[in-house]
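According to this note's numbering, the sequence shown holds residues 18 to 158 in order.
A virtual CB, placed ideally from N, CA and C, is assigned to each residue, including glycine.
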Amino acid sequence: MIEKIIKENCVLATIIKSAFKAEGIVFFTAPELPQQMGYMNRPKGYLINAHRHNHEEIVVKQSCETLIVRKGSVKVFLYDEADNFFAETTIETGDVMLLSGYGHGFEMLEDSELIEIKQGPYSGDQYNLPLNVHSTKSCHG
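Shown next as structure tokens:
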């Protein structure tokens, strides 16, 4: 199953649930998004010819990040372009989530391990923009 959280034609997040399965290759992101996310299911012996991607200068105006849940359960709070709370969802062991550059916060519902993938270079924590809320939980109630 694929879950997309959308507000006014803006995809805030895309989640590939652990049970998702398809044949071949499927991409879930718009071509213009600075981070692409796809799924590949190929049989034994399938060959992908050696290749590399063109080196080109790319201007990144939107910082996306991908989370892979190795273990646990995490509640995710999502905010719109104006930093208003919009939705919450839960990701669990085996799920993969692409955050499309909008505000977000997390609550670990159990001991959890995540792998986080971001567009580099990393500018440091001082460039994170905290949202004007008292806590992640206070935004939705």
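DSSP three-state assignment for residue i, whether helix, strand or coil
i	result
Asn58	strand
Glu162	With the chain covering only 18 through 158, there is no way to say anything about residue 162.
Ile108	strand
Phe103	strand
His157	The predicted model places His157 with a pLDDT of 33, which falls under 50 and marks its position as unreliable, so this point remains unresolved.
Run of the beta strand (DSSP E) containing residue i, from where it starts to where it stops
i	result
Val93	90 to 96
Residues that DSSP places opposite residue i in a beta bridge
i	result
Lys21	Thr31
Phe123	Val93
Leu84	Met114, Glu133
Glu40	Answer is none; Glu40 lacks a bridge partner.
Straight-line gap, residue i to residue j (C-alpha atoms, nearest Å)
i	j	result
Leu148	Phe102	10 Å
Gly89	Gly118	24 Å
His134	Val28	The sequence given here has Ile at residue 134, not His. Spanning the two alpha carbons is a distance of roughly 18 Å.
His157	Thr46	For His157, the predicted model reports a pLDDT of 33, less than 50, meaning its position is unreliable and no value from the coordinates is stated.
Lys78	Glu98	14 Å
Gln52	Phe44	11 Å
Ile22	Asn66	35 Å
Gly122	Leu95	7 Å
Ile108	Leu116	12 Å
Tyr239	Val76	Lying outside 18 to 158, the shown extent of the chain, residue 239 is not represented and no answer is given.
Lys24	Leu131	26 Å
Lys92	Glu40	30 Å
Nearest-angstrom Cβ-Cβ length linking residue i and residue j, presumed shorter than 8 Å
i	j	result
Met54	Thr31	6 Å
Asp112	Lys34	6 Å
Thr106	Val86	Actually they do not touch by this definition, with Cβ atoms about 12 Å apart.
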